[in-house]
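Trainee:
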Amino acid sequence: MVRVRFAPSPTGYLHIGGARTALFNWLFARKNKGTFVLRIEDTDEVRSTKDSVQAILDSLTWMGLDWDEGPKMNLSSREPLDVSRGQGPHAPYFQAKRAEMGMYQPFVEKLMKVGQAYHCFCSPEELEEMRKKAHLEKRPPRYDGRCRKLSEKQKKDFEAQGRKPVVRFVMPEEGVTEFEDLVHSKVCFENKLLYDFILVKASGFPTYNFACVVDDATMDVTHVIRGDDHISNTPLQVQLYQALGFGDKLPKFAHLSMILGPDGARLSKRHGATSTLEYRDQGYLPEALRNYLALLGWSTSDSQQIFEWKELQEKFDLSGCQKNPATFDPAKLLWMNGEYLRKLNPEELLSRAKPFLEPQPWFQTRSDGEVLKAVTLEREKYKLLSEVPHLVDFFFKEVEYDPEAVQKVLQAPGASDVLGNLKLDLQGAESFSEKYLEDRIRTFCKAKGYKTGQVFHPIRVAVSGRTQGPSLFAMMEVMGKEKVLSRIDSALNLIAQHS
RNA sequence: GGCCUGUUCGUCUAGUGGCCUAGGACAUUGCCCUCUCAAGGCAAAGAUCACGGGUUCGAAUCCCGUACAGGCCA
62 MVRVRFAPSP
72 TGYLHIGGAR
82 TALFNWLFAR
92 KNKGTFVLRI
102 EDTDEVRSTK
112 DSVQAILDSL
122 TWMGLDWDEG
132 PKMNLSSREP
142 LDVSRGQGPH
152 APYFQAKRAE
162 MGMYQPFVEK
172 LMKVGQAYHC
182 FCSPEELEEM
192 RKKAHLEKRP
202 PRYDGRCRKL
212 SEKQKKDFEA
222 QGRKPVVRFV
232 MPEEGVTEFE
242 DLVHSKVCFE
252 NKLLYDFILV
262 KASGFPTYNF
272 ACVVDDATMD
282 VTHVIRGDDH
292 ISNTPLQVQL
302 YQALGFGDKL
312 PKFAHLSMIL
322 GPDGARLSKR
332 HGATSTLEYR
342 DQGYLPEALR
352 NYLALLGWST
362 SDSQQIFEWK
372 ELQEKFDLSG
382 CQKNPATFDP
392 AKLLWMNGEY
402 LRKLNPEELL
412 SRAKPFLEPQ
422 PWFQTRSDGE
432 VLKAVTLERE
442 KYKLLSEVPH
452 LVDFFFKEVE
462 YDPEAVQKVL
472 QAPGASDVLG
482 NLKLDLQGAE
492 SFSEKYLEDR
502 IRTFCKAKGY
512 KTGQVFHPIR
522 VAVSGRTQGP
532 SLFAMMEVMG
542 KEKVLSRIDS
552 ALNLIAQHS
């Protein structure tokens, strides 16, 4: 039975890299009919916040990455977050809560008892000095293990001084630690380069490496899929598994390459949007983001680009993962979003665009039917949901004439005559359907000896205020006779004013 | 500084010893379609497979170095 987990630290929003890690874990779980666990690693007492937890839950939910075990999903109701409960047999899924409940304590005691852990009383100053010395001597700045063999008296003395000890792990000094990695194959570290890392901080809180191993082992995690910034942590964790007697539970590791910004540095805030929710707010579709993210560091042998959600769940495979880091390409994401937008049927498109339409003052006064017609006309042009309002708003609010369009098109020689004549002609229109209008206006052109371009462009600007827009006659049909005629009037006035 | 990981078109990638005069996708450019903008279609340009040595009849693919980049520890 496959069990994977996504274990973010709630020290900020869920960034794109985290979202991809979550996605790969989720896909791997679904593909293998396994379980996807969400665990919140909030052992950093200072930087962890509840808002971050909420942002992470919101992000995953928006992306459609539901978890089988983890914090209780109570997003719609917005109840305060309940860290003590969760859905699943291993609750709670918050490490701080687990620590508070003493869930790590037995493991510390066990390690102490078998001599695999010890109290260390070194002060920050002493550690700093140790580091400096190592640096001068060009040695790796590794803890020298001086507290490994403290006598009872020494310990008493330190305690009397008011020093609070940390708990350190006894790392073997010889041999190698190696592990199989599903994307990198075998990775090997020399133990003498490893160090006596801290298991429990002076505050009594477990460190990342310790809590992570205890939880992964007790939660029966079978595959650890995470960023390759954790490769260096892995040998420490492997050693811990063994010392804890969990050697048989050692999971398979899969370290995913990093995502870089355009300058080759790890993707970060200065590269622009890195929060998953920002993409939602900019008008990206979760299915597009997912598809794009899936392709960052993973591919099929035929380089397929667009995947249906179900298809992705079937085709995803860790063996298709790339070892080298991938640069995040906003242009390709944008293209992909357009692809997904075009696949939506008009009703679906409208409902997805609603969050962006609702803040528009004109939107409230219009029926869905009216808006739907306008939105549908520009269907294949949207690359972002957020573009929808601007591309259709001229249907619903006062025309704003684009100065450049006025100058280039309306003030062109003859435009005023064309519009004047056309207005007279359209007044007699018996219908205002796209087909009828096209026939009538083409006939009008012929009769008056105008070239079509001479007529089409001024009408477009007169009626919409801009040079770009939907198919002309379809646009006029949706607008209706009355509005078209009155806008031609406005345009004629405008031309008169300028001359 | 040490260790770890990586290096194929600008970008994401295919490629696991002969199908590679290196394939696809995004971006770019041109043409077609056309009432504009898109979308769509077609085409072009773009990679001495980081570099240098081996192994082999034959290497992007295997081995060894070097360079560069990123990560982790500090």
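The first sequence begins at 62 in the numbering used here and counts up one residue at a time. We treat Cβ as the ideally placed atom computed from N, Cα and C, and that holds for glycine.
(1) Considering only their Cβ atoms, is the gap separating residue 129 from residue 85 smaller than 7 Å?
(2) State the start and end residues of the unbroken beta strand (DSSP E) segment that holds residue 178.
(3) Do the stretch 437 to 444 and the stretch 497 to 510 meet, that is, are 3 or more Cβ pairs less than 8 Å apart?
(4) Residue 233 and residue 181: beta carbons closer than 7 Å?
(5) In angstroms with no decimal places, state the Cα-to-Cα distance between residue 553 and residue 450.
(6) In whole angstroms, what is the alpha-carbon distance linking residue 215 and residue 119?
(7) From the DSSP secondary-structure annotation, give me the bridge partner or partners of residue 130.
(8) Quick one, which of 343, 345, 320, 339 has its alpha-carbon nearest residue 359's?
(9) Please say whether residue 347 and residue 123 have beta carbons closer to each other than 7 Å?
(10) Answer with buried or exposed for residue 434, where buried requires no fewer than 16 other C-beta atoms within 10 angstroms of its C-beta.
(11) Between residue 100 and residue 66, is the Cβ-Cβ spacing less than 7 Å?
(12) Should residue 62 be labelled buried (16 or more other beta-carbon atoms within 10 Å of its own) or exposed?
(13) What's the C-alpha gap between residue 512 and residue 322?
(14) For residue 297, which residues from the same chain have a beta carbon less than 8 Å from its beta carbon, with the 5 sequence-adjacent residues on both sides left out?
(15) Does the distance from the CB of residue 102 to the CB of residue 148 come in under 7 Å?
(16) Within its chain, find whatever has a CB closer than 7 Å to the CB of residue 176; leave out the 5 residues flanking it on each side and keep chain order.
(17) State the CB to CB distance for the pair residue 516 and residue 548, rounded to an integer number of angstroms; the pair is presumed to be in contact (CB under 8 Å).
(18) How should residue 528 be labelled, buried or exposed, when 16 other C-beta atoms within 10 angstroms of its C-beta is the threshold for buried?
(19) Measure the alpha-carbon distance for residue 249 versus residue 110 and round it to whole angstroms.
(20) Would residue 252 and residue 238 qualify as a contact pair, given that the criterion is a beta-carbon distance under 7 Å?
(21) What first and last residue would you give for the beta strand (DSSP E) that runs through residue 293?
(22) Straight-line CA distance for residue 213 to residue 187?
(23) Taking DSSP as the reference, what is the three-state secondary structure of residue 249?
(24) Mind reading off the beta-carbon distance from residue 131 to residue 154? Whole number of angstroms is fine, and I expect it under 8 Å.
(25) Can you give the Cα-Cα distance for residue 544 and residue 526, rounded to whole angstroms?
(26) From 482, 338, 556, 264, pick the residue whose C-alpha is nearest to that of residue 469; which is it?
(27) My output table needs one value for residue 151: the three-state DSSP class, helix, strand or coil.
(28) So for residue 241, helix, strand or coil by DSSP?
(29) Pull up the distance between the alpha-carbon of residue 138 and that of residue 87, whole angstroms please.
(30) Tell me, which residues are paired with residue 314 by DSSP?
(31) Which residue from 520, 275, 489, 488 puts its Cα closest to that of residue 475?
(32) Indicate the three-state DSSP secondary structure (helix, strand or coil) for residue 520 in the structure shown.
(33) For residue 278 versus residue 307, is the C-beta spacing smaller than 7 Å?
(34) How far does the beta strand (DSSP E) with residue 259 in it extend, from its first residue to its last?
(35) Measure the beta-carbon distance from residue 486 to residue 457 and round it to whole angstroms, keeping in mind my assumption that it falls under 8 Å.
(36) Please list, in chain order, all residues of the same chain as residue 394 whose beta carbon is under 6 Å from its beta carbon, the five residues on each side excluded.
Mentor: The short version:
(1) Looking up residue 85 in the first sequence gives position 24. Looking up residue 129 in the first sequence gives position 68. Against a cut-off of 7 Å, the Cβ pair of residue 129 and residue 85 comes out as no contact.
(2) Taking the first residue of the first sequence as 1, we reach residue 178 at position 117. Counting along the chain, residue 178 sits inside the beta strand (DSSP E) bounded by residues 178 to 181.
(3) no
(4) Looking up residue 233 in the first sequence gives position 172. Looking up residue 181 in the first sequence gives position 120. Taking 7 Å as the Cβ cut-off, residue 233 and residue 181 do not qualify as a contacting pair.
(5) On the first sequence, position 492 is the one that residue 553 refers to. On the first sequence, position 389 is the one that residue 450 refers to. About 27 Å.
(6) Stepping through the first sequence from its first residue, residue 215 is reached at position 154. Stepping through the first sequence from its first residue, residue 119 is reached at position 58. A direct Cα-Cα distance of roughly 51 Å separates residue 215 from residue 119.
(7) Residue mapping note: residue 130 aligns to position 69 of the first sequence, counting from 1. The partner list for residue 130 (beta bridge, DSSP) reads 98.
(8) For the purposes of this step, residue 359 is taken as the residue at position 298 of the first sequence. The candidate whose alpha carbon is nearest that of residue 359 is 320.
(9) Locating residue 123 in the first sequence gives position 62, where the first residue counts as 1. Locating residue 347 in the first sequence gives position 286, where the first residue counts as 1. The answer is yes: Cβ separation under 7 Å.
(10) Taking the first residue of the first sequence as 1, we reach residue 434 at position 373. Buried.
(11) Along the first sequence, one-based indexing puts residue 100 at 39. Along the first sequence, one-based indexing puts residue 66 at 5. Against a cut-off of 7 Å, the Cβ pair of residue 66 and residue 100 comes out as a contact.
(12) Mapped onto the first sequence, residue 62 falls at position 1. Answer is exposed; the Cβ neighbour count stays below 16.
(13) Within the first sequence, numbered from 1, the residue matching residue 512 stands at position 451. Within the first sequence, numbered from 1, the residue matching residue 322 stands at position 261. Near 51 Å, if we compare the C-alpha coordinates of residue 322 and residue 512.
(14) Here residue 297 corresponds to residue number 236 of the first sequence, with the count starting at 1. Answer for residue 297: 230, 232, 255, 258, 270, listed in chain order.
(15) As a position in the first sequence, residue 102 is number 41, starting the count at 1. As a position in the first sequence, residue 148 is number 87, starting the count at 1. No; because the gap between Cβ atoms is not below 7 Å, this pair is not in contact.
(16) The residue labelled residue 176 in the question sits at position 115 within the first sequence. Cβ neighbours of residue 176 beyond the five flanking positions: 231.
(17) Sequence index remark: in the first sequence, residue 516 carries index 455 (1-based). Sequence index remark: in the first sequence, residue 548 carries index 487 (1-based). About 15 Å separates the CB atoms of residue 516 and residue 548; that is not less than 8 Å, and the two are not in contact.
(18) In the first sequence, residue 528 corresponds to position 467, counting from 1. Classification of residue 528: exposed, given that the 10 Å Cβ count is below 16.
(19) Indexing the first sequence from 1 puts residue 249 at position 188. Indexing the first sequence from 1 puts residue 110 at position 49. Using only the alpha carbons, I get a separation of about 36 Å.
(20) Reading the first sequence from its first residue, position 191 is the one you call residue 252. Reading the first sequence from its first residue, position 177 is the one you call residue 238. It is a contact, given that the beta carbons lie within the stated cut-off.
(21) Against the first sequence, residue 293 aligns to sequence position 232. Where residue 293 is concerned, there is no enclosing beta strand (DSSP E), given that its DSSP letter is neither H nor E.
(22) Taking the first residue of the first sequence as 1, we reach residue 213 at position 152. Taking the first residue of the first sequence as 1, we reach residue 187 at position 126. Roughly 20 Å between the two C-alpha positions.
(23) On the first sequence, position 188 is the one that residue 249 refers to. Correct three-state label for residue 249: strand.
(24) As a position in the first sequence, residue 131 is number 70, starting the count at 1. As a position in the first sequence, residue 154 is number 93, starting the count at 1. Yes, residue 131 and residue 154 are in contact; Cβ-Cβ is about 5 Å, under 8 Å.
(25) Along the first sequence, read from residue 1 onward, the residue named residue 544 stands at position 483. Along the first sequence, read from residue 1 onward, the residue named residue 526 stands at position 465. Computed Cα separation, rounded: 13 Å.
(26) Start at 1 with the first residue of the first sequence, and residue 469 comes out as number 408. The shortest Cα separation from residue 469 among 482, 338, 556, 264 belongs to 556.
(27) By one-based count along the first sequence, residue 151 stands at place 90. Coil, per DSSP.
(28) Translated into the one-based positions of the first sequence, residue 241 becomes position 180. DSSP, reduced to helix, strand and coil, places residue 241 within a strand of the structure shown.
(29) Locating residue 138 in the first sequence gives position 77, counting from the first residue. Locating residue 87 in the first sequence gives position 26, counting from the first residue. Interpretation of residue 138 is limited by its pLDDT of 48, a score under 50 that renders its predicted location unreliable; the figure taken from the coordinates is listed afterwards. Near 24 Å, if we compare the C-alpha coordinates of residue 87 and residue 138.
(30) Position 253 of the first sequence holds residue 314. Beta-bridge pairing links residue 314 to 242, 285.
(31) Position 414 of the first sequence, counted from the start, is the residue given in the question as residue 475. When only C-alpha atoms are compared, the closest one is 520.
(32) Here residue 520 corresponds to residue number 459 of the first sequence, with the count starting at 1. Residue 520 falls in the helix class under three-state DSSP.
(33) Here the question's residue 278 lines up with position 217 in the first sequence. Here the question's residue 307 lines up with position 246 in the first sequence. Contact: yes.
(34) Numbered from its first residue, the first sequence carries residue 259 at position 198. Per DSSP, residue 259 belongs to the beta strand (DSSP E) from 259 to 261.
(35) Sequence index remark: in the first sequence, residue 486 carries index 425 (1-based). Sequence index remark: in the first sequence, residue 457 carries index 396 (1-based). With a Cβ gap of about 26 Å, residue 486 and residue 457 do not count as contacting.
(36) On the first sequence, position 333 is the one that residue 394 refers to. Once the five neighbours on either side are set aside, the close Cβ partners of residue 394 are 353.
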